[in-house]
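Numbering (the numbering used here), first residue to last: 236 to 440.
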Ligand SMILES: N[C@@H](CCC(=O)N[C@@H](CS)C(=O)NCC(=O)O)C(=O)O
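Laid out in structure tokens, this is it:
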């Protein structure tokens, strides 16, 4: 299997981390999205939306990080995607929430407070930061409450849900995420940061 990815992006990192955690051999193909490599005709044939990551398994092409994570976790027996329906749907719930809500809040803060400066796109826009901060608190309150009573998002062990939600915290420090009041999120993320797969897939900076 081949993964087209941009290792600095949380969406690529969480997919790569799942593969490393499960010891699935992947051929890695670096796509430099900053240089526009995700918009070339060749890449748009793989993913017409022009985004990374993309997985290629023979003739089968899969884009969208959540779908790729589920595909990878279905290759070998493991506890990241358990068989029972309620656990699977619980994981699906957190992955859906991550894509629709958590990612949006985290991505805006990452871009405004970190990426903009990196790419010399100017300083943070105060209004956008304020709106993103509000959205961040709305979601973080719910996540923090959930994690107050458990070590992982679903059941008693690490699952795909943890990889999905943790991905967006990759730039929590550089993106100045207001995590001060959320001790349970911080404790949970510290556990994720202990994982060799998380450490091995950290952006090199
Ligand atoms: N919902 C998509 C989001 C993927 C995405 O936004 N990828 C960004 C990097 S974080 C990308 O490749 N952007 C390239 C571009 O916009 O040209 C997923 O989960 O895979």
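Each residue gets a CB set at the ideal place from its N, CA and C atoms; glycine is no exception. If you're wondering where the values come from, they're calculated on a predicted model, not measured in any experiment.
Checklist entry - Over what stretch of residues does the alpha helix (DSSP H) that includes residue 397 continue unbroken? => result Here residue 397 is taken as the residue at index 162 of the chain shown, counted from 1. Note, residue 397: alpha helix (DSSP H), 395-402.
Item to check | When 435, 439 and 440 are compared against residue 258, the one with the closest alpha-carbon | outcome: The residue given as residue 258 occupies position 23 in the chain shown. Checking every option, the nearest Cα to that of residue 258 belongs to 435.
Item to check | Rounded separation between residue 252 and residue 349 - CA only | outcome: Here residue 252 refers to the residue found at position 17 when the chain shown is read from its first residue. Here residue 349 refers to the residue found at position 114 when the chain shown is read from its first residue. Rounded to the nearest angstrom, the two C-alpha atoms are 23 angstroms apart.
Checklist entry - Should residue 398 go down as buried or exposed, given a rule of 16 or more other Cβ atoms within 10 Å for buried? => result By one-based count along the chain shown, residue 398 stands at place 163. Answer is buried; the Cβ neighbour count reaches 16.
Next on the checklist: Would residue 384 and residue 336 be called neighbours here (beta carbons separated by less than 7 angstroms)?
Outcome noted: Within the chain shown, residue 384 is the residue found at index 149, counting from 1. Within the chain shown, residue 336 is the residue found at index 101, counting from 1. No, they are not a contact pair.
Next on the checklist: Rounded to whole angstroms, what is the Cα-Cα separation between residue 265 and residue 296?
Outcome noted: Working through the chain shown from its first residue, we reach residue 265 at position 30. Working through the chain shown from its first residue, we reach residue 296 at position 61. Straight-line Cα distance between these residues: approximately 16 angstroms.
Checklist entry - Can the beta-carbon of residue 420 be found less than 7 angstroms from the beta-carbon of residue 401? => result Sequence index remark: in the chain shown, residue 420 carries index 185 (1-based). Sequence index remark: in the chain shown, residue 401 carries index 166 (1-based). It is not a contact, given that the beta carbons lie outside the stated cut-off.
Next on the checklist: If contacts are defined as beta-carbon pairs under 8 angstroms, then residue 330 and residue 287 qualify, I think. What distance do you get, rounded to the angstrom?
Outcome noted: By 1-based counting over the chain shown, the position of residue 330 is 95. By 1-based counting over the chain shown, the position of residue 287 is 52. Contact flag wrong, Cβ pair sits at about 18 angstroms.
Checklist entry - What are the boundary residues of the alpha helix (DSSP H) that includes residue 374? => result Position 139 of the chain shown holds residue 374. Where residue 374 is concerned, the enclosing alpha helix (DSSP H) stretches over 361-383.
Item to check | Whether residue 340 touches residue 370 by CB criterion (7 angstroms) | outcome: Residue numbering aside, residue 340 sits at position 105 when the chain shown is read from its first letter. Residue numbering aside, residue 370 sits at position 135 when the chain shown is read from its first letter. A contact, by the Cβ cut-off of 7 angstroms.
Next on the checklist: By the three-class DSSP mapping on this structure, what secondary structure does residue 237 have?
Outcome noted: Your numbering for residue 237 matches position 2 in the chain shown. Looking at residue 237 - three-state DSSP - the assignment turns out to be strand.
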